[in-house]
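> Protein chains in written order, with our numbering: chain A, 369 to 1110; chain B, 134 to 379.
(1) Show which residues of chain A have a CB atom less than 9 Å away from the CB atom of residue 206/B.
(2) Compare the C-beta of residue 983/A with all C-beta atoms of chain B and state if any pair is closer than 8 Å.
(3) Determine the DSSP secondary structure at residue 530/A, reduced to helix, strand or coil.
(4) Would you say residue 992/A lies against chain B (beta-carbon separation less than 8 Å)?
(5) Tell me where the alpha helix (DSSP H) around residue 316/B begins and ends.
(6) Residue 1061/A to residue 845/A, Cα distance in whole Å?
(7) According to DSSP, is residue 439/A helix, strand or coil?
(8) Our contact map puts residue 378/B next to residue 161/B with C-beta atoms below 8 Å; I'd like the distance itself, whole angstroms only.
(9) If you draw a straight line from the C-alpha of residue 175/B to the C-alpha of residue 194/B, how long is it?
(10) Could you check if residue 129/B is buried or exposed, using at least 16 other CB atoms within 10 Å of its CB as the buried criterion?
(11) Please go through the same chain and pick out, in chain order, the residues whose beta-carbon is closer than 7 Å to the beta-carbon of residue 262/B, but skip the five residues on each side of it.
(12) Of all the residues that make up the region 331-342 of chain B, which are near chain A by a beta-carbon distance shorter than 9 Å?
(13) Would you report the Cα separation of residue 306/B and residue 343/B, rounded to the nearest angstrom?
(14) In this structure, what does DSSP give as the bridge partners for residue 812/A?
(15) Using a cut-off of 8 Å between C-beta atoms, extract the partners of residue 601/A located in chain B.
(16) At a Cβ cut of 8 Å, what residues of the region 677-705 of chain A count as close to chain B, listed as they run along the chain?
(17) Decide if the region 577-597 of chain A is in contact with the region 741-758 of chain A; the criterion is three or more beta carbon pairs, one per stretch, under 8 Å apart.
(18) Answer yes or no: does any C-beta atom of chain A fall closer than 8 Å to that of residue 317/B?
(19) Check whether the region 677-688 of chain A touches the region 709-717 of chain A, counting contact only when three or more Cβ pairs, one atom from each stretch, lie closer than 8 Å.
(20) Please list, in chain order, the chain A residues whose beta carbon lies closer than 9 Å to that of residue 281/B.
(21) What residues in its chain sit with their C-beta under 6 Å from that of residue 436/A, if we drop five residues either side in the sequence?
(22) Is it buried or exposed, residue 322/B, if we count other Cβ atoms within 10 angstroms and call 16 or more buried?
(23) Using the DSSP secondary-structure output, state which residues sit across from residue 160/B in a beta bridge.
(24) Could you check what DSSP says for residue 522/A in three-state terms: helix, strand or coil?
(25) Can you tell me whether DSSP reads residue 274/B as helix, strand or coil?
(26) Comparing the C-beta of residue 872/A with each C-beta of chain B, is any distance below 8 Å?
(27) Please list, in chain order, the chain A residues whose beta carbon lies closer than 7 Å to that of residue 177/B.
(28) Near residue 235/B, which residues of its chain fall below 7 Å by C-beta distance, leaving aside the five closest residues on each side in sequence?
(29) Straight-line CA distance for residue 203/B to residue 212/B?
(30) May I ask which residues mark the beginning and end of the alpha helix (DSSP H) holding residue 774/A?
(31) Excluding the five sequence neighbours on either side, which residues of its own chain have a C-beta within less than 6 Å of the C-beta of residue 1045/A, listed in chain order?
(32) Given a cut-off of 8 Å, decide if residue 201/B and residue 218/B are closer than it, judged by their beta-carbon atoms.
(33) Residue 926/A and residue 453/A - do their beta-carbons sit closer together than 8 Å?
(34) Pick from 784/A, 900/A and 964/A: whose alpha carbon is nearest that of residue 1080/A?
(35) At the level of alpha carbons, what is the spacing between residue 646/A and residue 468/A?
(36) Residue 781/A: which of 568/A, 839/A and 524/A sits nearest, CA to CA?
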């Protein structure tokens, strides 16, 4: 902070500085918020017609990108990326842009509610675009709500109380973890559908097996020359999409060398596959085999003794099983061997197969050929965030099954749910619905009336992310350790309350252990206690002489990070000196089609209630507002089905009805369905729209505990129905009129 | 009766001679088609969402859209490079002469195609004339239930039904930057501000700036990548250059 600011500049650039000053003056918590207009007396940091900008952290996923939100007279107008934030460098994705449609969503929970389980919070038969929706009135006040929480804490034994939380925000997770440790409550369980589709458990297990450390690998695309991606959808929702997009640009725009080459191995061309130079539609289940075959061919090309890992595979047989020309495989292997900067990435549906762990290990082992471990353009381990001592991953689906069983057994009497919507995000096969019904008291802290909130006894809504304090640890994507800071950019729009504040107040009411474990006046004081140790750390991008200045700078810059850092170098002694299995995946089900479920790049796990996200064209199909099933046009012709025909997709476990989209870039024996829509609650724009492919999953897991979302075979049945799916491309003829049939 | 020769087509400057003011360079090789620009544009410019049915009828109000096409058939099928498409701010725009209400006019100072909403009577001739298909007509007063309007950008008009809309190159940002520079007695610096789509683009595929300044980043990139203009052969003199890549 050596730069000199004029007072005017200071006020314009850092309105937060002033709010933070209010903290120092000892005003109550309310004065920590800026006011929403109309202002009778304008606060001095607000000029008529001038915008004020606040730095905060995006909560649309857990990546932890920094935002700067433009506000005017207490309204949030536009989200931009925080240009100083090392993770996203001033950029956001479409979901970050649309976060304002969450903040100002017409279907938010507006205050604390007690209701009977399953009771609707708003009418369901109203036209979402033109109908009138009555307000969902709060029927409790916060004093009563706090009492309910306090009663739950005291009424049940500590081991009968559980927390289920989403992957954001980290400060609440830390608060509950500390509280649980001090009082003997069950430690909080975290889950998110994105972490399920990213197969985070498989990635970290593979890292543990190969490198001896359960961590999240980071792939430095930006420094690579040839990238082989086995289904990793890193340009869409994968782990940290903005960081990987930047890496992709580095791959393409390598100024000192040739344009980098991307090869995507996957049965259904994803958005990432669409950007690849070559798309190799290998047979689902043969990914590990193909990776080992590539490894063997590349090793033979380089000469020298064949390592144990690649010794057992027959490349010709592998090519045949995968449905790829042997010459293609050989050409790619030679390319991989000849370039210095080769990189192989495992991901996507390939990891959600019965041999998912073997796929991850085989693909990671390919990186031993250029020996890129820990190097520029290679595989590293993600840097730990400040205040973090080891890699923490969300619960795997298998662990969620155990948690669900615990609920179903009646062992848990009170369940607090925050930041996750398990009734939508968890596969139906886990029967969370039934488990929830066995819990005596379910309290949801949902901001939106999602399925799980509707099934709870109480909803004590937390603020929207843009109204909240907090922090988020950046878990991958940057070599710098980053703690991304969140602060309210507007005052809360409704009668919502920060969940930390609810627990602080309830703990005081509950007394005993609870009160002594939470010696904080409010959420802000808790946050300050958490970031205080960073003040004494060296290497931060700002320094401060006292705690108040440090706290103010933390909010003003949108977090704390080091100016230097490095990814962890994996221990690679044993990578090749081990047996790797190329056994093909065992598929569940008798159907004739492989199912590839993928996360909608525009909606992801929680975007369905934001109308502009619904209206964004899907990057590959250009479909909007729907769920569809992608079928190869030739297969469709054989089955005599056409675009917009509704078909029933049947798995061992369940069935969904979706409209057909003839997709030219998918194997004839494979079909694909996006995850994102298919809500039965969650507001007017989400509800009753499309279907959820997770309903088809069966509760079977790979060795790392990830569910076999990519390991299903399904049947298709015609229904005779038609459903128009709006799409941006060739818009004429969608309703079969005007321009004639296709 | 006017003849073709009366239109003085020979006077239309060749693209080599024409220099616009504001322009863009779009690198399709790095565009990932992520739709962040589309979302950013709609948030910045108060663009309504039209809902599922009207979307199906092709009434979405995209001022910018990402085009992608297919080449070949499975298994040799290839998705073409994503192509962000918006108003090309033509120097010789086909939409302008057809408007009976002078709603779509050329700004001589900014070298932009303006759309004057309160003049527009909704004949849609301009949309017929536009070879880039980037104009969208406001078919209805699309509902944005409370409290969604809190998010409206006060610098941008909220349009009613019956008017044509299109990309403005975020003219509100241009004016803001120019006003600020003028009040400080200087020229607008290159990169001082940018459009919503360019600002958000995670791949930095879109670069905005002065094309009449050879030193600007957009001019440099256009030159370095030998950017091409779409449908240049029509003589529209577009101000956006594209690099398609491999």
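Even glycine gets a Cβ: it sits at the ideal position worked out from N, Cα and C.
From the atom records:
(1) 1001, 1002 and 1032
(2) yes
(3) strand
(4) yes
(5) 304-316
(6) 29 Å
(7) strand
(8) 6 Å
(9) 9 Å
(10) Outside the displayed span of chain B (134 to 379) sits residue 129/B, for which this structure offers no information.
(11) 227, 228 and 231
(12) 332, 333, 334, 335, 336, 337 and 338
(13) 14 Å
(14) 785/A and 827/A
(15) By Cβ distance, chain B contributes nothing, its closest Cβ being about 11 Å from residue 601/A, past 8 Å.
(16) none
(17) yes
(18) no
(19) no
(20) 468, 469, 472, 473, 474 and 979
(21) 421, 423, 448 and 450
(22) exposed
(23) 376/B
(24) helix
(25) coil
(26) no
(27) 446
(28) 252
(29) 5 Å
(30) 765-776
(31) 976, 995, 1057 and 1058
(32) no
(33) yes
(34) 964/A
(35) 37 Å
(36) 524/A
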